[in-house]
Structures are given as C-alpha cells and as structure tokens.
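Taking it in order: structure first as structure tokens, then the write-up.
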Amino acid sequence: MSDTAKTDPVIQIDGLRFRYGEGEFELAVPELEVARGEHVAVVGPSGSGKTTLLHLIAGIETPQEGRVETAGTAVSELDDAARRSFRIQRVGLVFQEFELIDHLSVLDNVLLPYRIHPALRLDEATRARAEEIAAGIGIGDRLGRRATRLSQGERQRVAVCRALVAQPELLLADEPTGNLDPGNKDRVVDLLLESAEARGATLVVVTHDHDLLPRFARTVDFTAFQSAPSALTA
Amino acid sequence: MIRAFSFASFVAFLLSCSPPSEAPAPEAATPSSQLRVFVVNEPLRYFAARIGGSHVEVVLPAPSGIDPSTWTPDAETVAAYQSADLVLRSGAGYADWVDLVSLPAARVVDTSAAYRQRVRQRAGTVTHQHGPGGEHSHGELAHTTWLDLQLAILQAAAVADTLVRARPEHESAFRSELAALVADLEALDGQLAAAAQELADAPLLFSHPVYDYLIGRYALNARSLDWEPDAPPTPRQWRDLAAVVHEHPARWLLWEAEPLTEIERALRERGIESVVFDPCGGTPEDGDFLGVMKANVARFEAASTASE
Amino acid sequence: MSGPLYLAWRYLAHHRAKTAILVTAITLIAFLPIGLNQLVSESGRQLAARAQSTPLLVGERGSRLDLVLASLYFASDPPAAMRYAEAERVDASELATAIPLHVRFRARGHSVVGTTLEYLEFRGLRVAAGRPMAVLGECLVGAAAARDLELSPGDTVTTSPETVFDLAGTYRLRMRVAGVLAPSHTPDDEAIFVDVKTAWVIEGLGHGHQDVASPGASSAVLKREDDRVTANASLVEYNEITPENLASFHFHGDLAEHPVSAVLAVPRDEKSRVLLLGRYTAPDEAVQIVEPAAVMDDLLATVFTVRRYVLAAIALVSAATLVVAGLVFLLSVRLRRREIETLHKLGAARSHVALMLAAEVVAVIAVAGALAGVLTWLSGSFGGAAIRAFLLS
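Chains as they are written, first to last, in my numbering: chain A, 41 to 274; chain B, 125 to 432; chain C, 265 to 657.
Pasting the structure below:
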C-alpha cells in the first residue's frame, strides 16, 4: 500500500466478490486503494472484469461480497437511489463507446446529467461552465451541432466534457482510446490527465493498451486479482 | 416550422371562407290603405275607379291616344305591373302581351270569366301554318267585349267582386257604386237597343272589324271595312266600297274616330254619312269611358232617327 | 422545462417525420368520426331544411326521390313531364297556391328553372341587382350562378343543347339577364330562373317569327289561299327575344297541355293540406303528390344507417392504427436500449426514463388531440358553408 493511499484514499476496496446473475463471470478484488489526486491506469486482458470494476466503484453495480468505498462513501451499502445520487454528483464517467445521445446537440449531451437527476440544478452558471470546459477541450464551436455529425475524436471530447461538467472528484474512464486512431489516442489521454490535474480530481483509466501506461503515475495490473470464468450454467 | 406554417395557411384559408350568414329575410310587404290596381284598357280603368273610389288607385300605363290592344309594354312597365296589388285582364285575348310577361298569377284576374262562352271569333282573321305545328292564327278572338253592354255589366260585376275580395271591409261601398254603374250601363244599353230597333234591318258599315259585340248584341245588319279615319281611301278601296254598297246599301259608316273632312265629303257624295262610335279602348283625350259611350249612343240615336 | 419533458421534446423534434406521421394518424383517428358525424348531421340538416320548407309537390307518377331531388335541389335528371293543367287543378281546388316548376334545361352547367314570380316570394328570394324577369326571354340569375358565369343585369346567357346532336330539338335561346338574386345559401343560388312560358319557348312550344303577311317574309311563303298562308322552314324564327320582336312571340295549342316537371303546392292551412293530399289517392290517378320532408327523412334514415357502418369501420381502423402506433413505440424503445442504458449508468432513475418515454407518447397524443380539436372547431364553424357549397355544386 502506497503512502499516499494511506493518507486520503478516494477508492477503497476490501474483499470484493461479484458475479452477474447465477453461475456467470466472477470478479474478485481482495484489496485496492487509490489515493486522492492519483492518476491510475488499470490494465488487463479483455473480459477480465475491468469495466465491472469501474461500475462497482461508481455504484452502478453492487458486489455480492466485500465493501467498496468511493470518495468516503460506502457505495456498496447504499440503495439504488442513493447510489445514483452519489454517482451523478461525485463521479464523472467516460464510457468505452462514448455513449452520446445521437439526437441531442453537443451542449445537450454535455448537460445531460443535469436533466436526469434532481440533485443537479441546471442554471446559467452551469451553462457557462459547460461552455468554458467545452472551449477548453476544443469543442467550443461545436456546441450546437448534433452528436452524430462529429468525428470520433470530437465525440470523445464531448464525452469527457460531459464527465467534467458536474465537477466530480473522481473521473472513471473505460477504454477511452479504444475506438480512436493513434493521434487521437494521445490527445484524449492528455486531455484526461490535464483535466484531472487541473481540477485536482482522481483519475482511473481502464485500458488494454500498454503503450499508454508510462503516462500514468501508477498502473494496476488486473491479472493480479483472482478472477476466473465461472462454469456455464446447465 | 414547416408544420407550423402549413397549419397557419390552412387556418387562413378556412378563415377566408365567409361564415354562414342568415338568408336575408324577405322584405315585409307594407300594405298601403289604397289598393293599387293596374288595368289593360279604359273600360276596366273606368269600372275600377268608379267602383273602388278613394279606396283604389287605378293605373292604365298605355299612353293616351294609343290603342292598348296593340300596345306592348316594355320591361320596365311590366315591372310596374308586377308591383300592383291587382292586375285586371279584359279577357277574350285582349292585351295578349300578358301571355308574354311574368306577372304574379295570384294577383292577375280575368274579368271575363263569367262570359267566356260568349266570346266571339274575330271576322277576317288571317291564319297561317308553318312546320309541324299545323295551322294557327294570331289574335283570332274579338276582344271589344264591352261594346255589348250586358257583357260590360258582367265585367263590372267581376271587377267589384275582385275589389271586395281584396278589401272586404269596403264591400258595401263597392256594391253601392257597382249598382249605380250598372244602372248607367243598363240605361245606355236600353237606349242602344231602342235605337237599333228603330234602325230595324237598315244596312250599316263599320270602318274596322272591331264592333263584333255591338253588332251581335243589337242585331245590326252590318259589314266591316278596313279604313283608317285619317288616311284617304285608295281608289281600290273606293271600288271595294262600291261593290259592298251595291249588295249592302248602307247609308251610315260608323268610324272609330272623326274621319278627315275630305273622306266625309267623299262619302256624302256617295250617299253615305259618317258617324263616330269610339270603341274607347284607350284613355280618351277628354272625359272617360261612360262619357264617350254616352256620346256614342247619342250619335247612334241621331243616326237611327235620321234613317227613318 | 423539466428534464424528462425537455428530453422528450428533443427526441420528437429530431424525429420529425416519425412524429408527424404519428400525430397525423392520431389526429385522423380522433377527428374522422367527429368530422363524419358533423358532415352527415349538417348535410342532413340542410337537406331536411329545404324539404321541410316545401309543403307539397305534385308530379308525374314515378320515383318520389327523383321528383324531390329534381324539384328542390335541381339535381338528378328531370322527372317525366306532366301537363300544366295539373297546376291549374291545384289552383282551382282553392286549397293551395300552385307554383309550376320546369327543370328540364340547363345553361352553361346551371339548371334553368321555369316557374312563376310566386316562387321568389315563397322561397324568400331577394333581388340584389336589377329586377325580377318581366318579359319572355328574361332570366333572373342565382347569386352563385351569376358569380360563376360572371353575369350581371344586361348580360345574356344562352341555353345549352340537350344532346350533342340536338339539331332539330329544343331552342337554344339567348336569354337576357334582368337581375341577380342575393345569396340564399340554398340550391336557388346555382339556378337561372325564367318564367315557365320562357321554358316553353326553349322547348319549342312557343316562338316568334316574321309576320307571314309582311313583304320581308315573302320568300318564306309557299302559298296563300284566302285567309290561309303556308310558310316554309326558311321563315326566320328568333332565338333571342328582344323588345322589337317580343310581340311576334306566341304559343301553339292549349297552354294547359304544355309540360311542367312538377308543381309546388303551398296549402292555405293544415286542413287544406290534408284535403289536397286526399285528392290524389285514386288508383288511376296519373300524378302523385308527395311530402318532400317525408321523402328526405327516408333518404336520411338510409344515410344515417350507412353512417353507423362507416363509423364502425373507422373504429376498427382506428383500433388497428393505435395498435400499430403502440408497436412503433415499443420497437422504438427497443432501438433506444443503449440510450436508456446510458441514462441509467449516468444516474437516471428508471422512473425518470419511463417519464421521458411517457412524455413522448403524451406529447404526440396531446398535439394530435389539439389538432383534432381545432379541426373539429373549424369544421363546426365553417363546415356548414362548405357543405352548402358541395351540395349546391
């Protein structure tokens, strides 16, 4: 365990065991800590449960066993409503395939969290902040454009902007470079690192791309955790 | 945006259709106290005015001096007839222009209904035929029915009945006036009958074939010419007269109007005297129908006396 | 705007075509039964009003409906003609006023209705320009006919031949427009009224020609014998009645034998109406007397029966349409599975997403309902005039 993790852990996992339904894939993480402000890359082969780990940290899923504490909150022990409320205010999510809403504009996609949960109030200050973040990321002049009319790199930037607009203390990015060309990969990773640094946010990036690992302060190797595919149900 | 525009256009189109409006109510007729009666000749005008008195306004649109039987009103005059409370027809084909115009049938009265069976065919009618319709003629009925004063009395009674139906509140006045008029007409009829009796079978000539009813009623021995009082006869017409007189030695020629002096003189040279018997179909220059008939009867009596 | 409503609106606005189709379909489902009902009710009311204002109709034995349609609405082929003497018979009964109708002819697509001045008074028709017809050959034009044919007092309009090869049949008479009627919002607006005698002239039963005795007609004379003159077909017959030739017009034969299409009988009172009806009950009676209101009631009963079937069909189609709309919605939700999952992952409650989807459905239904409401109001306010125009055309 690192010294920084001992001082102010944003993520603390103990004895985590998780499976989908009955007899499906089982994820086991005995122990994991990420300190505040750390930039961590999580590597592992495809299908090893990296996305599931992010979901458990964000409170999208709950483990059958163990404890997940995120930003000081035991999300594994909260009910669905509490987890959602926690997640939307404290965690910024960047999904593997961007997952923008195609029929919404760039600005509407960025402000989407504010339209789906009463905990976030949309006001002029929020709009201004969204426009500022978008401008900083380089999509300030695309705000009125429909998401379907953006390039892959621009779509990823919108996803990052959406994750940042609520000023989360934890940024979780699942394979953010998976669908991008090499040029855009570097740009997106730089963007994530710079954004997290600028806001003092903790960054956890799931990736299978080993070329990116030197950019991160710390790498967590998923193969270190005990995980095995379960027997197929009869 | 396109939808909104299309919708607005649709609304604008429908708004441009005039909203349903009530059909205008027909103008309410304002019955005046005076009955407005239009007639087709002078006898009817006289009868209606005499019988109706102050309760009627009688109009004969044909200009005075014009024979109404040959007059056809223009469209504007017909429109005036349409506005009348009553239109009195003389029957017997008189003023057959009525068949060529539109008049409110309920307000048109044929005052000859009582003597329709006694209407005579006009002498000397030209018939013609063309096409599949066969033979037909124009103006085949004699229409100066009032010259038979008994028919005139029946006509006057019909006028009175019509006025009574229209204004029953004045019936007693109408009947009273009718009685006085009938008395006058009966007196004239008596005078004419007496004069005709004095003439016995004396041959008479008439200038025009419009005296059928006078001739028939009083059994006159008469022949009709086709002479105009203001047109000197042609040599042919003199020859025709001579031929007629040869068989029908008349001493009197009864004219519709005063003949020219030269005609009168030429006739006198031939032993024929001229007497005016105005049928009075149209409005006279002076006087009225009864006055004209009285003058006619006086002259006829004088001729009958002189013929003894 | 709240989040679910805003997202619902953005979805609908983006999928304009699909939204428009759904709105249109639901609008039609909502409006069609109402509109049909309004149409049938208003049509029935207008048809019935015309019939109810016409107490009795006398015509040749045959289809009562054809007689009523031809005489009241100037639609349908003219009924078989009967003698004008039947009009005189009604008048002579002193139970009703007889108004003859002659509806055989047309002029430039409009019915030429031969009648008397009493018709104008009976129908409450007012002359807006000019005056009623006065002399033979004049006509009084209905408001819509005048507008359609661009006629005003002083103009002329010529009757149409009955058939293309009408070489030796009815007269093509050029009629002078004496006046134009004010709109009455009835079939009278589409008609051209003439005196019934003018209709007889068109039928060839009356005519005007050169005086056979005049020198100008000498070339048309075949022979003269005493008082009889026989003319040949070159005798000039007039096809327009003018002040100059009016006096030459005349009719052949007894006017009582001339044809009319029907006689409108206006009874003096209820007792007279009943008595008049009773005079036409003999089995050997050549003519019939009908009560137009009763005939129209029979027709409308049939129409209303048909309407029930049509409404039932509309209901079935509507149900099928709603099922299809529902299917479209469910398929669309399935297609949006990833979008819904994203919303959940970001933090949206399932109820929030359900509310958004429901708002889309409600919005479509609300807009369709509003449109149907507007259409209903419009058809209620202006449908009467449109139906009148349709019925009159």
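For every residue, glycine included, the Cβ atom is placed at its ideal position computed from N, Cα and C.
Bear in mind the structure is a predicted one, so any value in this text is a computation, not a measurement.
Considering residue i, what are the terminal residues of the beta strand (DSSP E) in which it resides?
{"i": "C:Cys-403", "result": "402-405"}
{"i": "C:Arg-438", "result": "438-445"}
{"i": "C:Ala-613", "result": "It is not in any beta strand (DSSP E) - C:Ala-613 carries neither H nor E in the DSSP assignment."}
{"i": "A:Ile-100", "result": "Taken as a continuous stretch (DSSP letters only), A:Ile-100 belongs to no beta strand (DSSP E), as it is neither H nor E."}
{"i": "B:Asn-345", "result": "345-348"}
{"i": "B:Glu-397", "result": "397-400"}
{"i": "A:Leu-72", "result": "66-75"}
Once DSSP output is grouped into helix, strand and coil, what is the label at residue i?
{"i": "B:Asp-234", "result": "strand"}
{"i": "B:His-179", "result": "helix"}
{"i": "B:Phe-330", "result": "strand"}
{"i": "C:Met-346", "result": "strand"}
{"i": "A:Leu-243", "result": "strand"}
{"i": "A:Asp-214", "result": "strand"}
{"i": "B:Pro-353", "result": "coil"}
{"i": "B:His-370", "result": "helix"}
{"i": "B:Phe-413", "result": "helix"}
{"i": "C:Glu-414", "result": "coil"}
{"i": "A:His-250", "result": "helix"}
{"i": "B:Glu-259", "result": "Low confidence applies to B:Glu-259: its pLDDT is 43, below 50, so where it sits in the model is not reliable enough to give any reading."}
{"i": "B:His-294", "result": "helix"}
{"i": "B:Asp-220", "result": "helix"}
{"i": "A:Gly-55", "result": "strand"}
If contacts are defined as beta-carbon pairs under 8 Å, then residue i and residue j qualify, I think. What distance do you get, rounded to the angstrom?
{"i": "A:Ile-141", "j": "A:Leu-152", "result": "7 Å"}
{"i": "C:Leu-607", "j": "A:Ile-156", "result": "6 Å"}
{"i": "B:Leu-414", "j": "B:Tyr-337", "result": "B:Leu-414 to B:Tyr-337, Cβ: 17 Å. No contact."}
{"i": "B:Val-211", "j": "B:Arg-231", "result": "6 Å"}
{"i": "A:Leu-118", "j": "A:Phe-126", "result": "7 Å"}
Could you please give the first and the last residue of the uninterrupted alpha helix (DSSP H) stretch that includes residue i?
{"i": "C:Trp-273", "result": "267-278"}
{"i": "C:Gly-468", "result": "Careful: C:Gly-468 lies outside any alpha helix (DSSP H) and carries neither H nor E."}
{"i": "C:Arg-598", "result": "556-599"}
{"i": "B:Trp-376", "result": "Taken as a continuous stretch (DSSP letters only), B:Trp-376 belongs to no alpha helix (DSSP H), being part of the beta strand (DSSP E) at 376-379."}
{"i": "C:Arg-372", "result": "Note, C:Arg-372: premise wrong, no alpha helix (DSSP H); not H, not E."}
Nearest to residue i by alpha carbon, out of the options?
{"i": "B:Glu-200", "options": "C:Pro-507, C:Thr-569, C:Ala-371, C:Val-421", "result": "C:Pro-507"}
{"i": "C:Ala-351", "options": "C:Thr-422, C:Val-376, C:Leu-321", "result": "C:Leu-321"}
{"i": "C:Gly-443", "options": "C:Val-592, C:Ala-407, C:Leu-286, C:Lys-461", "result": "C:Ala-407"}
{"i": "A:Ile-53", "options": "A:Arg-255, A:Gly-87, A:Ala-111", "result": "A:Ala-111"}
{"i": "B:Pro-333", "options": "B:Trp-351, B:Ala-229, B:Asp-220", "result": "B:Trp-351"}
{"i": "B:Val-163", "options": "B:Gly-215, B:Arg-291, B:Ser-178", "result": "B:Gly-215"}
{"i": "B:Ala-346", "options": "B:Pro-356, B:Arg-363, B:Glu-371, B:Asp-354", "result": "B:Glu-371"}
{"i": "A:Glu-105", "options": "A:Arg-167, A:Leu-212, A:Phe-58", "result": "A:Phe-58"}
{"i": "A:Pro-158", "options": "A:Ala-122, A:Glu-137, A:Pro-103", "result": "A:Ala-122"}
{"i": "B:Ala-186", "options": "B:Asp-198, B:Gly-177, B:Val-180", "result": "B:Asp-198"}
{"i": "A:Gln-129", "options": "A:Ala-203, A:Gly-223, A:His-95, A:Ala-81", "result": "A:Ala-203"}
{"i": "B:Asn-165", "options": "B:Leu-227, B:Glu-322, B:Ala-219, B:Ala-229", "result": "B:Ala-219"}
{"i": "B:Asp-354", "options": "B:Ala-381, B:Thr-268, B:Glu-181", "result": "B:Ala-381"}
{"i": "A:Pro-85", "options": "A:Pro-254, A:Ala-257, A:Val-246", "result": "A:Val-246"}
{"i": "B:Asp-364", "options": "B:Trp-195, B:Ser-331, B:Gly-314", "result": "B:Ser-331"}
{"i": "C:Val-460", "options": "C:Thr-545, C:Asn-509, C:Leu-400, C:Val-588", "result": "C:Leu-400"}
{"i": "A:Glu-139", "options": "C:Ile-604, C:Asp-548, C:Glu-504, C:Ala-623", "result": "C:Ile-604"}
{"i": "C:Pro-364", "options": "C:Ala-289, C:Ala-546, C:Ser-512, C:Glu-324", "result": "C:Glu-324"}
{"i": "C:Arg-436", "options": "C:Ala-463, C:Asp-412, C:Met-560, C:Asp-453", "result": "C:Ala-463"}
{"i": "C:Pro-556", "options": "C:Arg-600, C:Gln-316, C:Thr-291", "result": "C:Gln-316"}
{"i": "C:Ala-272", "options": "C:Thr-379, C:Ala-344, C:Val-625, C:Pro-417", "result": "C:Val-625"}
{"i": "C:Thr-288", "options": "C:His-516, C:Asn-509, C:Ala-393, C:Ile-629", "result": "C:Ile-629"}
{"i": "B:Val-416", "options": "B:Ser-428, B:Val-182, B:His-179, B:Asp-308", "result": "B:Asp-308"}
Check the Cβ-Cβ distances between residue i and every residue of chain F, and say whether any is below 7 Å.
{"i": "A:Arg-239", "result": "Judged by its chain identifiers, the structure shown contains no chain F, and its protein chains are A, B and C."}
Query raised in the report: Can you list, in chain order, the residues of the stretch 183-213 of chain B whose Cβ is nearer than 7 Å to any Cβ on chain C?
Result: Listed by position along the chain: Thr-196, Asp-198, Ala-199, Val-202, Ala-203, Gln-206.
Query raised in the report: When Cβ atoms are compared, which residues of the stretch 153-170 of chain A fall closer than 9 Å to chain C?
Result: Those residues of the stretch 153-170 of chain A placed with their C-beta closer than 9 Å to a C-beta in chain C are Pro-153, Tyr-154, Arg-155, Ile-156, His-157, Pro-158, Ala-159, Leu-160, Leu-162, ordered along the chain.
Report task. Could you run through the stretch 108-122 of chain A and flag, in chain order, every residue whose CB is less than 9 Å away from some CB of chain C? Result -> Interface annotation for the stretch 108-122 of chain A against chain C: Asp-120, Ala-121, criterion Cβ-Cβ distance under 9 Å.
Query raised in the report: the stretch 454-468 of chain C: which residues have C-beta closer than 8 Å to a C-beta of chain B, in chain order?
Result: Within the stretch 454-468 of chain C, the qualifying residues are Asp-459, Lys-461.
Query raised in the report: Between the stretch 507-520 of chain C and chain B, which residues of the former have a C-beta closer than 9 Å to a C-beta of the latter?
Result: Contact residues of the stretch 507-520 of chain C toward chain B are Pro-507, Leu-510, Ala-511, Ser-512, Phe-513, His-514, Phe-515, His-516, Gly-517, Leu-519 (C-beta to C-beta distance below 9 Å).
Query raised in the report: Given a limit of 8 Å on CB to CB distance, which residues of the stretch 374-387 of chain C reach chain B?
Result: Residues of the stretch 374-387 of chain C with a C-beta less than 8 Å from any C-beta of chain B: Thr-380, Leu-381, Glu-382, Glu-385, listed in chain order.
Query raised in the report: What residues in the stretch 351-382 of chain B have a beta carbon less than 9 Å from any beta carbon of chain C?
Result: Of all residues in the stretch 351-382 of chain B, none has a Cβ within less than 9 Å of some Cβ in chain C.
Query raised in the report: Taking Cβ-Cβ distances below 8 Å as the criterion, which residues of the stretch 394-420 of chain C are in contact with chain B?
Result: Those would be Arg-395, Pro-396, Met-397, Ala-398, Val-399, Leu-400, Glu-402, in chain order.
Query - chain C contacts made by the stretch 268-302 of chain B, where a contact means CB separation under 9 Å - result: Sequence-ordered contacts of the stretch 268-302 of chain B with chain C are nonexistent [C-beta pairs closer than 9 Å].
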